[in-house]
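Engineer: Letter by letter, the sequence shown follows residues 13 to 121 in the working numbering.
Ideal Cβ placement from N, Cα and C applies to all residues, glycine included.
Quantities reported herein were computed from a predicted structural model and do not represent experimental measurements.
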Amino acid sequence: KHIHKKMNRFLNTNFIAAILAANLAHRGVDAHGYLKTPRSRNYVASIDPKWYGGTTEDPAPENCPHCLNIGGTEAQCGKVGDHNYDYPPNAVGEGILSPVIQECYEEGA
Numbered sequence: 013k014h015i016h017k018k019m020n021r022f023l024n025t026n027f028i029a030a031i032l033a034a035n036l037a038h039r040g041v042d043a044h045g046y047l048k049t050p051r052s053r054n055y056v057a058s059i060d061p062k063w064y065g066g067t068t069e070d071p072a073p074e075n076c077p078h079c080l081n082i083g084g085t086e087a088q089c090g091k092v093g094d095h096n097y098d099y100p101p102n103a104v105g106e107g108i109l110s111p112v113i114q115e116c117y118e119e120g121a
């Protein structure tokens, strides 16, 4: 009788764990975030990239708006590959893109 209680407890625990695992498996997690509002420089470069034919007024094209989360030993959040969004490159690769204001906020609004 003691063995049956242990077995039932074991089966109940496994059953509960299986139910929880099955329910949690249906929840998605998207850990790759980016600043959408106000639009970040790398997001702007990704929404309408000019892979060829761009000018000095166009941002260099970006295909990974969420890849700036490197931090670590470099401790720079603005770098992805050869793009440094602290000094955003323009589409022709000759210099820095002129600042483009994305949003203006009023105090108390």
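According to DSSP, simplified to helix, strand and coil, what is V56?
Structural biologist: helix
Engineer: Have a look at S110 and Y99 and give me their C-alpha separation to the nearest angstrom.
Structural biologist: 10 Å
Engineer: Classify I108 as helix, strand or coil using the three-state DSSP reduction.
Structural biologist: strand
Engineer: Could you check the C-alpha separation between C116 and C79 for me, to the nearest Å?
Structural biologist: Going by the C-alpha atoms only, they are around 25 Å apart.
Engineer: With 16 other CB atoms within 10 Å as the buried threshold, where does N54 fall?
Structural biologist: buried
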